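S.K.:
There are 2 protein chains.
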Amino acid sequence: MLAIGRLSKDSGVKIPTIRYYESIGLLPPPVRSEGNRRMYPPEAVRRLRFIRHARELGFEIDAIRRLADLAQDPAQPCCEADLLARRRLIEIEEKISRLAAQRDELVRMIGDCTHGRIEECRVIDTLDDHAKCLHARH
Amino acid sequence: MLAIGRLSKDSGVKIPTIRYYESIGLLPPPVRSEGNRRMYPPEAVRRLRFIRHARELGFEIDAIRRLADLAQDPAQPCCEADLLARRRLIEIEEKISRLAAQRDELVRMIGDCTHGRIEECRVIDTLDDHAKCLHARH
DNA sequence: GCTACAATCTCCAGTCACTGGAGAAGCAAG
DNA sequence: CTTGCTTCTCCAGTGACTGGAGATTGTAGC
Ligand SMILES: [Zn+2]
Ligand SMILES: [Zn+2]
Ligand SMILES: [Zn+2]
Ligand SMILES: [Zn+2]
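Sequences listed follow chains A and B, in order. Just so you know, we're using this note's numbering here: the first sequence kicks off at 1295 and counts up by one. Just so you know, we're using this note's numbering here: the second sequence kicks off at 1295 and counts up by one.
(1) Alpha helix (DSSP H) containing D1344 of chain B: first to last residue?
(2) When you compare each of A:V1307, A:I1386, A:I1345 to L1320 of chain A by their alpha carbons, which one comes out closest?
(3) Looking at the unbroken alpha helix (DSSP H) that takes in V1417 of chain A, where does it start and where does it end?
(4) Could you pull the DSSP bridge partners for Y1334 of chain B from this structure?
(5) I think R1382 of chain B touches L1400 of chain A, with their Cβ atoms under 8 Å apart; what is that distance to the nearest whole Å?
(6) Scan the region 1398 to 1410 of chain B for residues whose Cβ lies nearer than 8 Å to a Cβ of chain A and list them as they occur along the chain.
(7) For L1361 of chain B, does the count of other Cβ atoms within 10 angstroms reach 16, so buried, or fall short, so exposed?
(8) Are the CB atoms of H1432 of chain B and A1395 of chain B nearer to each other than 8 Å?
(9) Of all residues in the structure, which have a C-beta closer than 5 Å to any heavy atom of ligand 2, taken in chain order?
(10) With a threshold of 7 Å, establish whether the CB of D1398 of chain A neighbours any heavy atom of ligand 1.
(11) Within the same chain, show all residues whose beta-carbon is closer than 7 Å to that of L1428 of chain B, passing over the 5 residues directly before and after it, in chain order.
(12) Consider the C-beta atom of H1409 of chain B and the heavy atoms of ligand 3; say whether any pair is separated by less than 7 Å.
(13) Taking a cut of 8 Å between CB atoms, which residues from the region 1342 to 1356 of chain B lie near chain A?
(14) Put R1431 of chain B into one of helix, strand or coil per three-state DSSP.
(15) Suppose contacts are defined by Cβ-Cβ distances below 8 Å. Is I1412 of chain A in contact with A1365 of chain B by that definition?
(16) Between L1301 of chain A and I1312 of chain A, is the Cβ-Cβ spacing less than 8 Å?
(17) Near T1420 of chain B, which residues of its chain fall below 6 Å by C-beta distance, leaving aside the five closest residues on each side in sequence?
(18) So what's V1401 of chain A in DSSP terms, helix, strand or just coil?
(19) What did DSSP end up calling P1323 of chain B once you bin it into helix, strand or coil?
(20) From the beta carbon of L1428 of chain A, is the nearest beta carbon of chain B less than 8 Å away?
(21) Rounded to the nearest angstrom, what separates R1331 of chain A and L1342 of chain A at their Cα positions?
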């Protein structure tokens, strides 16, 4: 059995975050010691690492809840887990293309600016009029 | 003078957002009509479009506040505006590389999975152990 | 003038995923 | 017993909105 500080160190998840995950039902409430301290079984480290890893890959809490539940159930088919991963992948690709478009605009704005006064600034000028952008939408 | 609904349509910024921008001091409080309605000068459309455009390029409100103020002051040197743009560009590049790393992991997880049961699922398996990832960090 | 209906007003709460502070209580070592 | 560390609960704040409730104002048609 581990105290919360130990669990935090072993899993790499901050103490307030662990309590937060408990409060939203992502991490099951552990037993308490006589003095009301949370006492975790060793498996909690694994679950929390799983959660952390999924968060690092950008999964939302709801998706992680499903993924973590599925991980506990080895006989189930994995199509739902794979679907969640594919959804996340699509999301990532959309984000990347949006950011790449923003990057293109900024590179151009900065590159075209002669760095004189505001009145000739390409950055301000472009922000002031989207028609001066390469991409129709951002 | 435009009412808020008109301003919203002309600028593409939703009414509650316009009021929100006023509340945080990004948009100056307009004069009011006898009946306490906000009445905007035509220039408000331009300012709001500027703000919206900068938001679409991912600038934070604080940066936009500076940029919008600088835009009003044509004689100033534009180095600060350019610096804000360069900062945003760096931020974008960092985001893209983080997302690209996530994408690589997900593509591999999904591609390697034989889509059988959870116990053999590469998605769950990889989430469970970051050592199975390509990238050391995400 | 009256009646709908649309537009706007203020205030407040919710979103997401944490993060941190205040103040109190428990716990281990010297 | 005291000192200092850990943990407890509760609450508020983050960023940038978003939307609902309930009240008021403006406008068009009759
Ligand atoms: Zn410039
Ligand atoms: Zn643009
Ligand atoms: Zn699978
Ligand atoms: Zn990993």
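Glycine residues also receive a C-beta, built at the ideal position from the N, C-alpha and C atoms. These numbers were taken from a predicted model, which means no experiment stands behind them.
M.R.: If we stick to the structure as given:
(1) The sequence given here has Phe at residue 1344 of chain B, not Asp. Counting along the chain, the alpha helix (DSSP H) containing F1344 of chain B begins and ends at 1337 to 1350.
(2) A:I1345
(3) 1416 to 1422
(4) B:L1296
(5) 6 Å
(6) E1399, L1400, V1401, M1403, I1404, C1407, H1409, G1410
(7) buried
(8) yes
(9) A:H1424, A:C1427
(10) no
(11) D1398, E1399, R1402
(12) yes
(13) R1343, F1344, H1347, A1348, E1350, L1351, G1352
(14) coil
(15) yes
(16) yes
(17) M1403, K1426
(18) helix
(19) coil
(20) no
(21) 18 Å
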